[in-house]
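First the structure, in the form of structure tokens, and then the observations on it.
In my numbering, the protein residues as written are 97 to 420.
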């Protein structure tokens, strides 16, 4: 890692009062005049399978989030291309056409949203609000990744997931002469810190764990996205993380992002907590490249990043399929 190019900002342990992905309509963000982007080193490598999650706050929405949609798209394309990760879990995409423009701008990538025809069941959960619902998406390199199936899961807990039930993608990865079947689950949990928010998030987290325990007990599982809670403690003051059942079950699950939480390395621009995570089954974790987790903070490379692009940082991990 080039320490001159990648900076991990340390924050105080102040309370996170409201996570991104609010159920209410926020005030539009007005960016300052941008300056040209500068180059940075790639994080993805040719010998590892590289995962990233990124909340692209109200991507493509005409009145919420960054006001310059084309600038947000250009910055997102610049960062995704530059980091050179293999698989991205994306949250808060509102416009299918804007997402398609992003894919078209990325050389060597393909992708789809939760309401795309490739999603075989229950994609209608992502067609509400006149097509402006915050949608989950997958961006990936088809040269390395074969998507075998995609479906929306845990729809009985649609309310607990704030109308955004997870998307499950079964895929096959071929990297550095090795192949692995992986269950990738895209998640954008409910936001915020009130008692009702906490209870709904807790119910959703418990439902997710029960589903993984019973459906994929021996699989390479990666759950990655905006969890809207930290894992060392909750963003709701004085409460345990809603994901504590996963943390406690260390025989079967691991969070590579725990290192970020323990070192107060934030995943957002405005708050000290880590709310964007990568969760591995023990099978997937056996491939994890120790120390590869990163909160990539692009302020040195994108002018006014927090207002022009997103209030979340890309969270990255790498996996060596030769380690198992």
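For glycine and all other residues, C-beta sits at the position ideal for the given N, C-alpha and C. What you are looking at is a predicted structure, and each value in this text was computed from that prediction instead of being measured.
Item                                                                                                                                   : Value
Coarse secondary structure for residue 187, derived from DSSP in three states                                                          : strand
Same chain, Cβ closer than 6 Å to residue 386, neighbours up to 5 away in sequence not counted                                         : none
Reduced DSSP category for residue 335 - H, G, I as helix; E, B as strand; rest coil                                                    : coil
One or two residues paired with residue 318 in a DSSP bridge                                                                           : 280 and 376
Chain C within 8 Å of residue 237, Cβ atoms only                                                                                       : In the structure shown, chain C does not exist; there is a single protein chain.
Touch test, the stretch 317-332 against the stretch 371-387, Cβ-Cβ under 8 Å, three pairs minimum                                      : yes
Every unbroken beta strand (DSSP E) within the stretch 151-179, with a cutoff of 3 residues, ordered by chain                          : none
In DSSP terms, what residue 270 is bridged to                                                                                          : 275
Beta carbon of residue 233 nearer than 8 Å to that of residue 269                                                                      : no
Chain-order list of residues whose beta-carbon lies under 7 Å from that of residue 154 (same chain, five-residue window excluded)      : 160, 161, 188 and 190
Short Cβ contact (8 Å threshold) for residue 163 with residue 201                                                                      : no
Cut-off 6 Å between Cβ atoms - residues of its own chain near residue 168, not counting five sequence neighbours on either side        : 162 and 405
Of the residues 204, 231 and 205, the one placed nearest residue 212, counting alpha carbons only                                      : 231
Contacts around residue 402, its chain only, beta-carbon distance under 8 Å, and the 5 residues preceding and following it disregarded : 365, 366 and 395
Distance between residue 317 and residue 309 (C-alpha atoms, nearest Å)                                                                : 11 Å
Buried/exposed call for residue 273, threshold 16 Cβ in 10 Å                                                                           : exposed
Which of helix, strand or coil DSSP assigns to residue 412                                                                             : strand
Bridge partner(s) assigned by DSSP for residue 391                                                                                     : 411
Assigned secondary structure, residue 289 (DSSP; H/G/I helix, E/B strand, else coil)                                                   : coil
Residue 327 (DSSP reduced to helix, strand or coil)                                                                                    : coil
Pairwise C-alpha distance: residue 193 and residue 103                                                                                 : Residue confidence is low: residue 103 scores 37 on pLDDT, short of 50, so the model does not pin down where it sits. No coordinate-derived value is stated.
Distance, residue 356 Cα to residue 181 Cα                                                                                             : 19 Å
Cutoff 6 Å; reference residue 301; Cβ partners in own chain excluding five residues on either side                                     : 338 and 339
Whether residue 185 touches residue 149 by CB criterion (8 Å)                                                                          : yes
Spatial distance of residue 333 from residue 275 (CA atoms)                                                                            : 43 Å
Sub-8 Å separation of residue 392 and residue 409 beta-carbons                                                                         : yes
Closest residue to residue 219 among 390, 204 and 260 (Cα-Cα distance)                                                                 : 260
Assumed close pair residue 198, residue 138 - CB separation to whole angstroms, cut-off 8 Å                                            : 19 Å between Cβ atoms; not a contact.
For residue 231, the residue or residues it bridges with in DSSP                                                                       : 189
Secondary structure of residue 308, DSSP reduced to three states                                                                       : helix
Own chain, CB closer than 7 Å to residue 267, minus 5 neighbours either side, in chain order                                           : 241, 242, 243, 244, 278 and 280
Short Cβ contact (8 Å threshold) for residue 144 with residue 271                                                                      : yes
Those residues which DSSP pairs with residue 138 across a bridge                                                                       : For residue 138, which the question treats as bridged, DSSP gives no partner whatsoever.
Beta-carbon proximity of residue 313 to residue 283, cut-off 8 Å                                                                       : no
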